[in-house]
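Take a look at the structure set out below.
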Amino acid sequence: MPALSPADHLRRSAREPEAFGAFYDAHFEGLLRFLTRRACDAEAGMDLTAETFAQAFLSRRRFRGRSDGEAAAWLYRIAKRQLARHFTRGEAELRALARLGVERRRLTPDDAREIERFAALDDLRGLLREELSELSQPHRDALWLRVVEELPYCEVARRLAISEPAARTRVSRALKALTGTLESSARAKETYT
Amino acid sequence: MTDRDDARHPVVDRLKGQLRDDLMRAVAESGRRPSRRIRRRVVAAAVMAVVAMPAGLAAAGVFQSPDVEFECPQAAEPTAEPSVALAPAEGPDGVDPAIEPDGPPANPCD
Numbered sequence: 000m001p002a003l004s005p006a007d008h009l010r011r012s013a014r015e016p017e018a019f020g021a022f023y024d025a026h027f028e029g030l031l032r033f034l035t036r037r038a039c040d041a042e043a044g045m046d047l048t049a050e051t052f053a054q055a056f057l058s059r060r061r062f063r064g065r066s067d068g069e070a071a072a073w074l075y076r077i078a079k080r081q082l083a084r085h086f087t088r089g090e091a092e093l094r095a096l097a098r099l100g101v102e103r104r105r106l107t108p109d110d111a112r113e114i115e116r117f118a119a120l121d122d123l124r125g126l127l128r129e130e131l132s133e134l135s136q137p138h139r140d141a142l143w144l145r146v147v148e149e150l151p152y153c154e155v156a157r158r159l160a161i162s163e164p165a166a167r168t169r170v171s172r173a174l175k176a177l178t179g180t181l182e183s184s185a186r187a188k189e190t191y192t
Numbered sequence: 000m001t002d003r004d005d006a007r008h009p010v011v012d013r014l015k016g017q018l019r020d021d022l023m024r025a026v027a028e029s030g031r032r033p034s035r036r037i038r039r040r041v042v043a044a045a046v047m048a049v050v051a052m053p054a055g056l057a058a059a060g061v062f063q064s065p066d067v068e069f070e071c072p073q074a075a076e077p078t079a080e081p082s083v084a085l086a087p088a089e090g091p092d093g094v095d096p097a098i099e100p101d102g103p104p105a106n107p108c109d
């Protein structure tokens, strides 16, 4: 009898919840690396990984695919939703973990450094610095204030003496300019399965 | 497979194991207790039963049924004499009818 694939385990977990463990084992490292690099932060990467798996477990009956590719795509769709909420709220939303009664574990500084090495965050930061230097000064300033200093758009606008819509436009264009490089880097560095 | 994939990351392995333990413990517990949906349905059914039962009994005429036995049947029968409370506050002979010289009436259930 052939061994079950991660997708098989995910489908099976709908009636045998313990089967979810094998699906988790197959995707943990890839998802942690993906989320840590996208959030550019080890603590957020770990929180988002835990929340994504908790959400996936709670939603496992909704998975309709059959292949491993479909199972991975389903999991990463959940992860991207969590990531979007993280960027909107400024912190990971841990509702699914709370529903399951799983307590959040804080990382020690050593653990965080190790995850950063695992996700090759230094490479990514170096790449970002290079790409930032290619941007025009107004776009670089807007992106820096919004992404690095995490200021709200109204404050970015005030500091740059421009309107809020103009601040949003500058940040958006700067991110768009960086997207191509970051996407190709992501494809090269992230392992999805 | 890259060099990075080959490298061991004991911290990542440990964190993976910890989260796995936490999740699987929660998974095992979620299997033991009824899901939130089932709990909601049970509570809704209980509330509906509590609300609907008296109304259903009244609609079925249970409370007006001659088959219902009262604990004290005599108490349910109308008395032939008018109640003291309905008599004039003061009788023609000037005696207050509320004052009963023979003491309180006997309890028909005794």
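Quick note, the sequences are listed as chains A and B, same order.
Residue 0 is where the first sequence starts when you use numbering that gives the first Met the number 0, and the numbers rise one by one after that.
Residue 0 is where the second sequence starts when you use numbering that gives the first Met the number 0, and the numbers rise one by one after that.
All residues carry an ideal CB built from backbone N, CA and C; glycine is no exception.
* To do: Only counting runs of 4 or more residues, tell me where the alpha helix (DSSP H) segments fall wholly within the region 68-118 of chain A, in order along the chain.
  => 94-99, 108-117
* is_contact[residue 192 of chain A, chain B] using C-beta, thresh 9 angstroms -> With a pLDDT of 39 at residue 192 of chain A, under the threshold of 50, the modelled position of this residue cannot be trusted, and the question is left open.
* Asked: Since residue 49 of chain A meets chain B, which of its residues come closer than 7 angstroms, beta carbon to beta carbon?
  -> Ordered by position in chain B, the residues that pass the 7 angstroms Cβ test against residue 49 of chain A are 18.
* Asked: Assuming residue 12 of chain A contacts residue 22 of chain A under a Cβ cut-off of 8 angstroms, what Cβ separation, rounded to an integer in Å, is found between them?
  -> Contact holds; Cβ gap of about 7 angstroms.
* Asked: Pairing CB atoms from the region 95-105 of chain A with CB atoms from the region 13-25 of chain B, are three or more of them under 8 angstroms?
  -> The region 95-105 of chain A is in contact with the region 13-25 of chain B.
* Asked: Are the CB atoms of residue 47 of chain A and residue 85 of chain A nearer to each other than 9 angstroms?
  -> yes
* Asked: For residue 42 of chain B and chain A, any beta-carbon pair shorter than 9 angstroms?
  -> no
* Counting only beta-carbon atoms, is residue 74 of chain A nearer than 9 angstroms to chain B? -> no
* Measuring CA to CA, which of A/136, A/170, A/59 is closest to residue 149 of chain A? -> A/170
* By the 10 Å Cβ neighbour count, where 16 or more other Cβ atoms means buried, how is residue 40 of chain A classified, buried or exposed? -> buried
* Asked: Should residue 167 of chain A and residue 144 of chain A be called a contact, given that it needs their Cβ atoms to be closer than 9 angstroms?
  -> no
* Along chain B, which residues have their Cβ under 7 angstroms away from the Cβ of residue 56 of chain A? -> 22, 26
* To do: Taking residue 31 of chain A as the reference, give the member of A/135, A/78, A/124, A/68 with the closest Cα.
  => Nearest in C-alpha terms to residue 31 of chain A, of all of A/135, A/78, A/124, A/68, is A/78.
* Under 9 angstroms between beta-carbons, which chain B residues line up against residue 104 of chain A? List them in chain order, please. => Within 9 angstroms Cβ-Cβ: 14, 17, 18, 21.
* Asked: Using a C-beta cutoff of 9 angstroms, does residue 114 of chain A count as contacting chain C?
  -> Judged by its chain identifiers, the structure shown contains no chain C, and its protein chains are A and B.
* chain B contact residues for residue 121 of chain A, given Cβ-Cβ distances below 9 angstroms -> Those within 9 angstroms of residue 121 of chain A in chain B number zero; the least Cβ separation is about 12 angstroms.
* **Option in A/67, A/54, A/62, A/64 with minimal Cα separation from residue 80 of chain A** => A/54
* Asked: Is residue 13 of chain B closer than 9 angstroms to residue 24 of chain A when the C-beta atoms are compared?
  -> The Cβ-Cβ distance between residue 24 of chain A and residue 13 of chain B does not fall below 9 angstroms.
* To do: Kindly list, in the order they appear in chain B, the residues whose Cβ is closer than 8 angstroms to that of residue 100 of chain A.
  => 25, 28
* **Cross-chain neighbours of residue 11 of chain B in chain A, by beta carbon under 8 angstroms** => 28, 31, 113, 114, 117
* Nearest-angstrom Cα separation, counted from residue 76 of chain A out to residue 15 of chain A -> 23 angstroms
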